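Below you'll find the structure, written out as C-alpha cells, and then a few comments.
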Amino acid sequence: MEKLLSKKNVRLSLYFFMPVFFASFAIGLGLTIIEAMDRLLPYGAALQRQEVEYLRWYAKTATLGGSAIAVAAGLIIAFALNRPLKRLEGALQNIASGGAEELDIGATNEFASLSKSFNTAVAAIKQSLLTAKTSASDEAVQGLERMERLAVLGGISAVIAHEIKNPLASIKGLTQLMAEKAESGSDAKKYTSVMLEEIDRLDKVADNLLYL
839 MEKLLSKKNV RLSLYFFMPV FFASFAIGLG LTIIEAMDRL LPYGAALQRQ
889 EVEYLRWYAK TATLGGSAIA VAAGLIIAFA LNRPLKRLEG ALQNIASGGA
939 EELDIGATNE FASLSKSFNT AVAAIKQSLL TAKTSASDEA VQGLERMERL
989 AVLGGISAVI AHEIKNPLAS IKGLTQLMAE KAESGSDAKK YTSVMLEEID
1039 RLDKVADNLL YL
C-alpha cells in the first residue's frame, strides 16, 4: 500500500511541478520585461511615453498568455513523461512477478534508449530462464534414465541370483553328503570343507544381488 501511495505521489508531483516550473519561468520573464518598461517610463518624453505604455500593457498580456501556455505545456510534458514511466513501472512489476515481457515505450528520445536497454536485459533474463529450464529438463531426463537402468539392473541381478542359488543349493547338499562320508583328517574331508565355505560365500553374494 505504501509503495502504491509513493508511486501515486510521484505522478502527482510530476503533474504539479512541471506546470508550475514553466509558469514560473513565463511569469518571471514577463515581470522582468514589465520592470524594464517601468524603468523607461521616467524617460517617456524622449522615448515616446505612449509607446512605452503600450509595450508595458503588451508585456502584461504576454505574461498572462505565456503563463497559460506554460501551464498547458507543463501538463503536456508531464503527461509525455508519465506515460512511459508508467509502462516501465508495469514492466518492472511483471518481471518481479516472474514474467519477462519486453517494454514498448513508443518514444524516439531518451526513453527509447531506456526501452532498448530494458529489453536487452529482459532478453538476457529470458535466455537465463530458458537455459535453467533446459538444464532442469536434461537433469530430469538423466534421472529417469538412471532409474530405468537401475530397475533393469535390479531385475537382471534378481534373475542371476536365482539362477545361482538354485544350483548352489544342490551342490551344497551333495558336498555336505560327501563331507559326512569322508574320513576325518583325509584330503576329501579338507576339500569338502573348503568347498562348503566357498558355496556359503557365493550364496551370500547371490543374496546381495537380490537386494540391489
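Under my numbering, the residues of the sequence shown are numbered 839 to 1050, in order.
Cβ coordinates follow ideal geometry from the N, Cα and C atoms, glycine included.
This one's a predicted model, so the numbers in the text were calculated from it and none came from an experiment.
- Here the alpha carbon of D1038 sits roughly 10 Å from the alpha carbon of A1044.
- Less than 8 Å divides the Cβ of I1002 from the Cβ of L1040.
- Rounded to whole angstroms, the separation of the alpha carbons of K1042 and Q1014 is 18 Å.
- Taking all protein chains shown into account, L988 has fewer than 16 neighbouring C-beta atoms within 10 Å of its C-beta and is therefore exposed.
- Excluding the 5 residues flanking it on each side, A1017 has same chain C-beta neighbours closer than 6 Å at T1030, in chain order.
- By the neighbour-count definition (other C-beta atoms within 10 Å, threshold 16), L1047 is a buried residue.
- If you look at E1021, you'll find it isn't in any alpha helix (DSSP H); DSSP assigns it neither H nor E.
- Looking from the CA of K1010, the closest CA among E1035, S1022, G1023, A1020 belongs to E1035.
- Taken atom to atom, the span from the alpha-carbon of E986 to that of T969 is near 26 Å.
- K1019 and N1004 have their C-alpha atoms some 24 Å from each other.
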